[in-house]
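Report on the following structure.
Residue numbers (the working numbering): 134 to 1370.
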């Protein structure tokens, strides 16, 4: 019994010892040592106890072809889970985890689904806090590597559940197969893809995962996905993802944003795939209409026949791409077709940035269609796009090309106008490698040049061969077999021959001759017989090339152009460009002479700009690239010279501006010390210096400009020092002080600090005849400061002890920022703007209010209120005054209102308007007035009432309403010449070619009714009439004025045939063009002595009038004409009066002929007429007319006496003229005409 109790005690003691082993370090070491090597398990103890906190050096499991290894393990078990046959880890730390799935000897059998088996865990593992430093899973043909992982997991049987996990980075790699399914290697190097079967021996569920970055390397295709979050499920070979989000592409250059993926991929057989991907385009440099576009890609099929449908889900244009690719086949054969559908009237500039304005206005039409087929060896592309321009309503771009790297065959690249006969095409080939080459033929079967072309309108045709190459040694391009011909602006356009350029603008052998827009070109270089190279350019009319310009240019060059040697000679005459006038100029030069010297001499005897006249202007360059002198000199308004001596140095240029003195009408400007100038490493540096005037000093403390810069300027003194440089009709006075500091660099924005202050400033505009207007400011100040963000502006103008104008503005650094500005006005005199408002001879009133600007730079919003009190204005040359004008402007974010009252010509004027901002700025205004006395220089006047509706947009003024002419006097012979509406692109010039009328700022659309009461008089030297009627004036956009309606002559007198006739009836009817109304006018006289009434009836159109003589009682035309002209019949006073009658009648017939009409159309000539003068024996035949508007000439030949008479008149004013008469006796008389009522 004792022995039994002893054995039982020993057993209990052993069991207690066994139970106590896991609670001690020694026991845990013994147990782990016992487990090490037991079956597939290998374990290495480090420290701690199994049921406490334990550290292991290594834990490895080797099951068949699967090896699992964990290193540096730390964990703490929860003992309460042991009773449920679970190992629960309070925490688990693993430095590294690797899973290797090797390809066994029976790999073919393993590939069969029946050979798959999961790793069954005999007991459950639960990790509440799991951290793995690195994880690597490898299998035949692929691997998964990741960085730190943290989360929780449960492994029961074959199921591994991950409720949540976060990973820093991961990499998925799948190698390409050795050959394609057909076993034939593709010429492009891609041999196909033999997809390995990937079986995960675990059932993996990941409910929520966050992965910072995933790098993909799939058969050589590399990309990355960042910011991944979502859920995944892997069963055997099938991976399913749900609500997976992220960003595709590198962090700094993403390709897709807002990535959202749902679908599955089965790593079995040919890898079947079914997946939907939503994303937004984020490729840098995309056009505005494509940037950030949301897309949806649906992928179905398998890697042998993979199909994708790509669609845009929002925005315009609508995108659609359908593609098919065989990833497993050699060469990667594929096909794809895509289209883009644009909304109506989509401008090309909204799709592509940086285009010229006219090209950006091209309207795109749907669809753009692209098709690409082929494989990695050869790809064929075809494309068609459509658009329209005003001159090309149906443009089609066609492309058809094949790429067999590196050779690109361009079968067709053409641009055609299907609605016209314009086509430009290119066909040829290119090698896309280093060096790059492009060769082909540029064909122009026909090309119509519209008005938008810089050279004008016309049509050309022809062809040329293009050869272009680029490489490390540089580039060169040649055009050969050039043969272009046609007509531009009604003049021949021809270009034939060959020419080329290389790097550094080096000329290649050339023989090119052309004629274009009135200019002739001849270029010959590289003659094989050694003849000198030659360039001849003649521009007969400079105005054909530069809008607003005119003149004649000729340039000649001879030498060896291919070596950079040439002698130049050129002349220019009567060059006009804006306010610049060059009566004559000459150019002589010798470039790249044998000794390396350079010589250029440009001489201008006289130069006029903005009213200032310079004489003997010269620009001369002499020296060589190593050592040269540049000198600019002139006399006149600015007299002196600027001379720069420079020299090329290694990597730069050094120069010195010599001391000088420039004399002006307001004093001399001097530079007392030489100024050093240097250019190196794309940086300009100018030494500190000062320009000095007796009343002013302008100093540059520092000038460095280029990629980086630092500029410091300072000026102070009396602004009258600049009067010699201003236009002659402008004068300034006062004290000015300013300083500016600006700096910038390649990696930092502009920093600016500028201040300007003016004291007691006067600005005077001189109008001539002793008239002028002066604006005075007590003080003005302006500051501009920018550190790194927006620009801060502050300014004010002070007058009469107060700030009449205050400015505060914050401007953004870029075009995408917002503006914040306000302008405050406190009784600012409108006369302040007089020096710049040259249209007005008088301008007055007071402006008050506050205006604020906010919003984006591209779409600013103007709000606030402003008032004009007691405004008045007089237009230069017109005495009709606008007085007592009170206006109030109120602006809100969506528009504004305008209200006001005043007096125009003594009559009331009411103004009401509304401003709208959307879709574009628009002003709708009503003008109403009553009994306004309008004076029309020189001596006509009207009294009118009106009610008009005006609408003004960016390029259109629409005028509608009624104008009633109550009464008035129109002195037609004294009116300024009128005009008919011209197209906006027409520029009128005088006989000398000077522009008279430039393009209007907007088109005019009119629909006006003019009611003329029966109290309107028309007066002239031969006419006094009263008329009335209604006219309807209509003008469409960019079209001539049309007039409809009629005027009735109610009475008056008409002087004709040297007799005073009484107007009995008359009508003037308009049915379109105002130049050619329908006439029906009768005027007559009564001869009391014979009780005869005779008259003239004028009818027909103004261009082709017909005259009929009538009488009461009826009589012959000759008898009636005698009564009309002489007041008696043919049988009375025969002889001299008969000849005079014949002359008078004959002169009237000649004056209505086409000969006289053509004479009056000649430049400077008007009112040319044949007639008679004198009576009886003094009768003379005369020829008279006007040269211009002020010189009248008349020459008479006596019919009965050999006496000739020459008369010349110079009209000093409309009523004052000087007359010189040469007859038997000469006389000089001064006449003044006036009327006595």
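Just so you know, even glycine gets a beta-carbon here, dropped at the ideal spot from N, CA and C.
Give the range of the beta strand (DSSP E) segment to which residue 216 is assigned.
No beta strand (DSSP E) contains residue 216, which DSSP labels as neither H nor E.
If contact is defined by three or more beta carbon pairs under 8 Å, each pair taking one atom from either stretch, is the segment 973 to 986 in contact with the segment 996 to 1007?
yes
Roughly how far, in whole angstroms, is the beta-carbon of residue 816 from the beta-carbon of residue 839, given that I think they are within contact range, below 8 Å?
4 Å
Can you pull the DSSP bridge partners for residue 377?
394
Whose C-alpha, out of 374, 325, 1168 and 378, is nearest the C-alpha of residue 360?
378
I need the boundaries of the beta strand (DSSP E) containing residue 1104, first residue and last residue.
1089 to 1104
Going straight from the alpha carbon of residue 84 to that of residue 407, what length do you get?
Nothing about residue 84 can be read from this structure; the chain reaches only from 134 to 1370.
Start and end residues, beta strand (DSSP E) containing residue 331:
Counting along the chain, residue 331 falls outside any beta strand (DSSP E), and DSSP gives it neither H nor E.
If contacts are defined as beta-carbon pairs under 8 Å, then residue 430 and residue 443 qualify, I think. What distance do you get, rounded to the angstrom?
5 Å
Continuous beta strand (DSSP E) stretch holding residue 772: start and end
771 to 782
When you compare each of 521, 208, 940 and 703 to residue 494 by their alpha carbons, which one comes out closest?
521
Is residue 705 closer than 8 Å to residue 686 when the C-beta atoms are compared?
yes
Proximity to residue 450 [Cα-Cα], best of 808, 826, 469 and 498
498
Residue 607 to residue 814, Cα distance in whole Å?
22 Å
Output yes or no for whether 8 Å exceeds the beta carbon distance between residue 1049 and residue 1024.
no
Close-in-space but distant-in-sequence residues of the same chain around residue 279 (CB under 6 Å, 5 per side omitted):
268, 300 and 303
Please determine if the segment 1048 to 1067 and the segment 1080 to 1089 are in contact, where contact requires at least 3 C-beta pairs separated by less than 8 Å.
yes
Along the chain, where does the beta strand (DSSP E) that runs through residue 556 open and close?
555 to 564
Give the secondary structure of residue 1256 by DSSP, where H, G and I count as helix, E and B as strand, and everything else as coil.
helix
If you drop the 5 nearest sequence neighbours on each side, which residues of the same chain put their C-beta closer than 6 Å to that of residue 1147?
1161 and 1183
Reduced DSSP secondary structure (H/G/I, E/B, other) of residue 242
Unreliable placement is indicated for residue 242, whose pLDDT of 43 sits below 50; the coordinate value is still reported in the next sentence. Three-state result, residue 242: helix.
CB of residue 774 within 8 Å of CB of residue 758, strictly:
no
In the DSSP assignment, find the beta strand (DSSP E) that holds residue 467 and state where it starts and stops.
467 to 474
Exposed or buried, which one is residue 1345 when buried takes at least 16 other CB atoms within 10 Å?
exposed
For my contact list, residue 1212 and residue 1201 are in at a C-beta cut-off of 8 Å; report their separation, rounded to the angstrom.
6 Å
Where residue 1210 falls, given that 16 or more other Cβ within 10 Å makes a residue buried:
buried
So, for residue 240: in the same chain, excluding its five sequence neighbours on each side, which residues have a beta-carbon less than 8 Å away from its beta-carbon?
Here the model assigns residue 240 a pLDDT of 44, short of 50, so the residue's position is not dependable, and the following value carries that caveat. Correct list, in chain order: 273.
Measuring straight from C-alpha to C-alpha, what distance separates residue 513 and residue 952?
51 Å
Is it true that the CB of residue 766 sits closer than 8 Å to the CB of residue 751?
yes
Flag this pair as yes or no: are the beta carbons of residue 1299 and residue 1329 separated by less than 8 Å?
no
Same chain, Cβ closer than 6 Å to residue 865, five either side skipped, listed in chain order:
852 and 896
Which of the three DSSP states is assigned to residue 856 in this structure?
helix
Quick check: the segment 783 to 801 against the segment 844 to 851, are there 3 or more CB pairs under 8 Å?
no
Exposed or buried, which one is residue 324 when buried takes at least 16 other CB atoms within 10 Å?
buried
Opposite residue 898 in the DSSP bridges: which residues?
863 and 906
Given a cut-off of 8 Å on the beta-carbon distance, is the pair residue 1136 and residue 1166 in contact?
no
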